[in-house]
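Chemist: Please read through the structure below; I'll follow up with questions.
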């Protein structure tokens with residue numbers, strides 16, 4: 001992958017991004033196992049053709065910086081272990097993962113530099129999957145794990161918003177508990193993910209399994225009921241029929257306000273904004289063509 005510098009940021013920043021020290025051992029890593037096979041294989045096959053601008057890698061750089069700083073917390077006299085890369089074998093394939101901190105009493109933590117809104121919304125499924133796979137690796141090495149947690153560091157935290165919004169995190173750092181899976185559940189999940197990747201290794205690009213709605217981070221089409229030209233929707237509906245029925249109910253009760261329906265088109269968030277291989281993906285390219293047809 002080539003790192004570009006379209007915004008002329010200092011060379012030191014560019015070099016730091018180019019010298020990303022991330023690596024893994026074995027056939028596949030925990031992060032890759034969780035990712036869609038289409039994304040993984042297209043990335044692997046087209047790696048030398050990919051480009052990423054350094055400004056798009058800033059958050060990854062900050063995440064790496066946090067991990068470097070956390071090394072200062074290492075206490076050689078305590079029963080804590082930081083960033084140990086561990087391996088396991090599933091269906092004859094070696095896979096590996098690296099937890100951030102395993103500490104007494106049997107807590108496995110993973111540090112995330114993320115948006116404050118991550119604490120407002122539900123826990124990301126991939127966070128739960130990742131930590132449970134790491135817990136499995138630790139158990140295989142006879143480390144007991146009784147508790148999982150994400151230590152979220154909010155890159156965009158606002159003190160003012162924290163004072164005015166009840167749901168917003170009241171601190172720039174928050175510990176988010178993660179559900180600990182039973183061994184049989186995690187083993188089944190790992191096996192399914194391994195099969196999803198191994199069975200598609202030689203599948204041609206255009207025939208790779210399509211990414212699901214969840215994998216695309218799809219935002220569905222919505223019909224917003226707008227009252228008196230307000231900027232904020234009174235209610236969001238999945239269908240136009242539902243929106244019309246609700247407006248009809250309002251008016252039947254003597255509501256004198258005026259209502260309109262604002263159609264908000266759906267969006268494939270990951271595909272459009274975060275996928276490095278969307279230009280090589282026929283699933284995404286076909287989606288764009290269909291979208292353009294509707295506009296024209």
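Residue numbers (UniProt numbering): 1 to 296. Positions of the beta carbon are idealized from the N, C-alpha and C atoms, including for glycine. These numbers come from a predicted model, not from an experiment.
I'd like to check one pair, residue 153 with residue 173: are the Cβ atoms closer than 8 Å?
Modeler: The residue given as residue 173 occupies position 173 in the chain shown. The residue given as residue 153 occupies position 153 in the chain shown. Going by C-beta atoms, residue 173 is nearer than 8 Å to residue 153.
Chemist: Is the beta carbon of residue 283 sitting closer than 8 Å to the one on residue 221?
Modeler: Taking the first residue of the chain shown as position 1, residue 283 is located at position 283. Taking the first residue of the chain shown as position 1, residue 221 is located at position 221. It is not a contact, given that the beta carbons lie outside the stated cut-off.
Chemist: Find out if the Cβ-Cβ distance for the pair residue 190, residue 148 is shorter than 8 Å.
Modeler: For the purposes of this step, residue 190 is taken as residue 190 along the chain shown, with counting starting at 1. For the purposes of this step, residue 148 is taken as residue 148 along the chain shown, with counting starting at 1. No, Cβ-Cβ distance for residue 190 and residue 148 is not below 8 Å.
Chemist: Tell me the DSSP bridge mates of residue 97?
Modeler: Counted from its first residue, the chain shown places residue 97 at position 97. DSSP, once it has assigned bridges, lists 86 as partnering residue 97.
Chemist: Express the C-alpha separation of residue 241 and residue 247 in angstroms, rounding to a whole number.
Modeler: Counting from one through the chain shown, the residue named residue 247 turns up at place 247. Counting from one through the chain shown, the residue named residue 241 turns up at place 241. Their backbone Cα atoms lie some 10 Å apart in a straight line.
Chemist: Quick one: grab the DSSP three-state call for residue 286.
Modeler: Here residue 286 refers to the residue found at position 286 of the chain shown. Looking at residue 286 - three-state DSSP - the assignment turns out to be helix.
Chemist: Looking at residue 227: is its Cβ nearer than 8 Å to the Cβ of residue 257?
Modeler: Start at 1 with the first residue of the chain shown, and residue 227 comes out as number 227. Start at 1 with the first residue of the chain shown, and residue 257 comes out as number 257. In this structure, residue 257 lies closer than 8 Å to residue 227 by Cβ.
Chemist: I need the straight-line Cα distance from residue 165 to residue 214, nearest angstrom please.
Modeler: Counting from one through the chain shown, the residue named residue 165 turns up at place 165. Counting from one through the chain shown, the residue named residue 214 turns up at place 214. Spanning the two alpha carbons is a distance of roughly 28 Å.
Chemist: Using a Cβ distance threshold of 8 Å, determine whether the region 15 to 31 contacts the region 85 to 97, with at least three qualifying pairs required.
Modeler: Flag = yes, the region 15 to 31 and the region 85 to 97 touch.
Chemist: Which stretch, first to last residue, makes up the alpha helix (DSSP H) that contains residue 184?
Modeler: Position 184 of the chain shown, counting from 1, holds the residue named residue 184. Run containing residue 184: 183 to 198, per the alpha helix (DSSP H) assignment.
Chemist: To the nearest angstrom, how far is the alpha carbon of residue 13 from that of residue 243?
Modeler: Against the chain shown, residue 13 aligns to sequence position 13. Against the chain shown, residue 243 aligns to sequence position 243. Going from the Cα of residue 13 to the Cα of residue 243 covers about 49 Å.
Chemist: Can you tell me whether residue 250 is helix, strand or coil according to DSSP?
Modeler: Translated into the one-based positions of the chain shown, residue 250 becomes position 250. In this structure, residue 250 counts as helix in the three-state DSSP scheme.
Chemist: Taking the beta strand (DSSP E) that residue 224 falls in, what are its first and last residues?
Modeler: Translated into the one-based positions of the chain shown, residue 224 becomes position 224. Unbroken beta strand (DSSP E) run through residue 224: 222 to 227.
Chemist: Looking at residue 198: is its Cβ nearer than 8 Å to the Cβ of residue 208?
Modeler: Locating residue 198 in the chain shown gives position 198, where the first residue counts as 1. Locating residue 208 in the chain shown gives position 208, where the first residue counts as 1. No, the Cβ-Cβ distance between residue 198 and residue 208 is not below 8 Å.
Chemist: Could you tell me which residues DSSP pairs with residue 169 in its beta bridges?
Modeler: Taking the chain shown and counting its residues from 1, the one referred to as residue 169 is at position 169. None, per the DSSP bridge assignment.
Chemist: Can you give me the start and stop residues for the beta strand (DSSP E) that residue 152 sits inside?
Modeler: Taking the first residue of the chain shown as 1, we reach residue 152 at position 152. From DSSP, the beta strand (DSSP E) with residue 152 extends over 147 to 154.
Chemist: Would DSSP call residue 4 helix, strand or coil?
Modeler: Position 4 of the chain shown, counted from the start, is the residue given in the question as residue 4. Strand, per DSSP.
Chemist: How should residue 254 be labelled, buried or exposed, when 16 other C-beta atoms within 10 angstroms of its C-beta is the threshold for buried?
Modeler: The residue labelled residue 254 in the question sits at position 254 within the chain shown. It counts as exposed.
Chemist: In whole angstroms, what separates the C-alpha of residue 135 from that of residue 118?
Modeler: In the chain shown, residue 135 corresponds to position 135, counting from 1. In the chain shown, residue 118 corresponds to position 118, counting from 1. Using only the alpha carbons, I get a separation of about 22 Å.
Chemist: Secondary structure at residue 359, three-state DSSP: helix, strand or coil?
Modeler: Not covered by the structure: residue 359. The range shown for the chain is 1 to 296.
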